[in-house]
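Residue numbers (our numbering): 97 to 643.
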């Protein structure tokens, strides 16, 4: 069964290795539930035994250690899971945040063929003072310093040889294992393993392309053109390709070195303010943001200037998604729950959500902050609490929003480490006012109106084609009807109650009309009470009982 599921036997040795690592970290039950242990065992391979110390570790710790041992693909998987605050509880995301992709560097002799293929000749003929010892090494690439022929200092970010094949094999297995988890372990379906595996696959494909990272840098440089306080390194496209990224060498103080920041006399509060405003501009104005603004990806320059690096992980927001984010953040800033509920229902899509319970949970969250000055609200804490509501209602946020939440939380944490009195709302409100004014500008409203009209016209025009497709699918027996039982049950209960009330109303109306007729039409020898026919008295009495 597993052979049919995996379908690629060339990855079988790697599957054995993965199974062995999971078992050594006390995750043998997970392996057995997927049917992996039996198959590997029949292949005559020893899976190993659980480590003696794993019994004292929490499940999240065991998974984190296993991912660390499995290498770059699984480290990236863990780092991505750390962004899924809508799926995993805080203690799990905190554990996954400890994953680092720093690895031992590749010897330069092994890296040289990769550089020669990328440049078409020896790198020593292209660059001066090329340092063979790397200054940084990660799971996908490592960095070397050099100079252009005109003396311009540059950094060479070179992809590790063979890393694409390794990651592609791991991704094949990861997608298959995710499918097994979703089908074989019902309690894991709420974590949507296939969706997460697909997201990590797309993310790694982008990070493997160093040319794409160079284009990301150029986009950010254009977005911040003219800003005297925020800069991005210059890219040299003549030397840049899928496996090599050559960019300007920025000499500054890394964000991790707080002692050097203080010694240089930089204004930490000003750095926090400018960094936060840069990230918020990326999100609210540009719709294109650095998704991992941690201290290691920031340098500080004289004049309290900021330079960001490492643009392999970025977030993109469509105009529709950006408007949702603006509405959500504006609701948070104004402590208005209505836009927050509307955005959540938009994210839920076709999934069933009890709106009354959802509104109650959001209202309860807002009540916690009632009377709290806006300057004292920490957006990171509030977003985590908001994510708990999302998780409780099984609402799965779109992947671009998980990166957004992570970027906001990381940015606020970095800013508060420099300035304990930092209040993100102070920087958020001016930008929100700016984008809201822009949204309701006559020209913008006219453009949205035109877009809406075009959508309606296109929808009406596509009706005949859609009907033909529907008939064709029905003829082929491929027409599928999804039934939402929860909604039907709810509708049935309302219908039953309505029918009951309608029936009682008809009966009581009949009693009143019949009694009135009997009272006004003389019936010979009919018994009477106080001059009123007995049948009339009985009819009105029945009406009073029913009423």
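Just so it is clear, CB atoms sit at the ideal spot from N, CA and C, and this is done for glycine as well.
Cβ-Cβ distances below 7 Å link residue 499 to 179, 387 and 411 in the same chain, with the five nearest sequence neighbours on each side left out; the list follows chain order. At a Cβ-Cβ threshold of 8 Å, residue 435 and residue 450 do not count as neighbours.
With the rule of 3 Cβ pairs closer than 8 Å, the region 393 to 410 counts as touching the region 361 to 372. In this structure, the straight-line span from the alpha carbon of residue 161 to that of residue 121 is close to 7 Å.
The C-beta distance from residue 485 to residue 458 rounds to 6 Å, short enough to fall under 8 Å. DSSP places residue 153 in the coil class of the three-state scheme, outside both helix and strand.
Residue 225 holds the alpha-carbon nearest to the alpha-carbon of residue 249 among 478, 152, 225 and 272.
Selection 244, 119 and 523 evaluated against residue 342 yields 244 as nearest (Cα-Cα). Counting only residues of its own chain and dropping the five nearest sequence neighbours on each side, residue 294 has no CB closer than 6 Å to any other CB.
For residue 242, DSSP records a beta bridge to 250. At a Cβ-Cβ threshold of 8 Å, residue 202 and residue 340 do not count as neighbours.
Residue 523 carries a helical assignment under DSSP once its states are collapsed to helix, strand and coil. Under the criterion of beta carbons closer than 8 Å, residue 381 and residue 531 qualify as touching, at roughly 7 Å. Residue state for residue 326 is assigned as strand, using DSSP reduced to three classes.
Around the beta carbon of residue 358, a 10 Å sphere encloses fewer than 16 other beta carbons of the protein chains shown; the residue is thus reported as exposed.
The DSSP assignment places complete alpha helix (DSSP H) segments of no fewer than 4 residues inside the region 292 to 376 at 306 to 319 and 354 to 359, in order along the chain. Taking 8 Å as the cut-off, the beta carbon of residue 260 is found closer than this to the beta carbon of residue 304. In chain order, 195 place their CB closer than 6 Å to the CB of residue 175, counting only its own chain and leaving out the 5 sequence neighbours on each side. Classified as buried, residue 327 has 16 or more neighbouring CB atoms from the shown chains inside 10 Å of its CB. Shown here for residue 114: same chain residues with a beta carbon closer than 7 Å to its own, the five before and five after excluded, namely 166 and 269 in chain order. For residue 462, the uninterrupted alpha helix (DSSP H) segment begins and ends at 451 to 464. If you look at residue 411, you'll find it in the beta strand (DSSP E) that goes 410 to 412. With a threshold of 16 other beta carbon atoms within 10 Å, residue 538 falls short and is exposed. Nearest to residue 439 by C-alpha distance, out of 465, 474 and 482, is 482.
Boundaries of the alpha helix (DSSP H) around residue 416: 415 to 430. Nearest in C-alpha terms to residue 232, of all of 419, 393, 501 and 472, is 393.
In the three-state scheme derived from DSSP, where H, G and I count as helix and E and B as strand, residue 407 is classed as coil.
Per DSSP, residue 121 lies in no alpha helix (DSSP H) segment and is marked neither H nor E. For residue 170, the enclosing alpha helix (DSSP H) has its first and last residue at 168 to 179.
If you draw a 10 Å sphere on the C-beta of residue 502, you find 16 or more other C-beta atoms in it, and that means buried. Residue 271 and residue 173 have their C-alpha atoms roughly 12 Å apart. Counting the other CB atoms within 10 Å of its CB gives residue 361 a total below 16, which places it among the exposed residues. Spanning the alpha carbons of residue 238 and residue 406 requires a straight line of approximately 12 Å. Residue 567 sits away from residue 521, with the two beta carbons spaced by 8 Å or more.
In this structure residue 514 is buried. Its beta-carbon is surrounded by 16 or more other beta-carbon atoms within 10 angstroms. Setting aside the 5 residues that flank it on each side, residue 208 has no residue in the same chain whose C-beta is closer than 6 Å to its C-beta.
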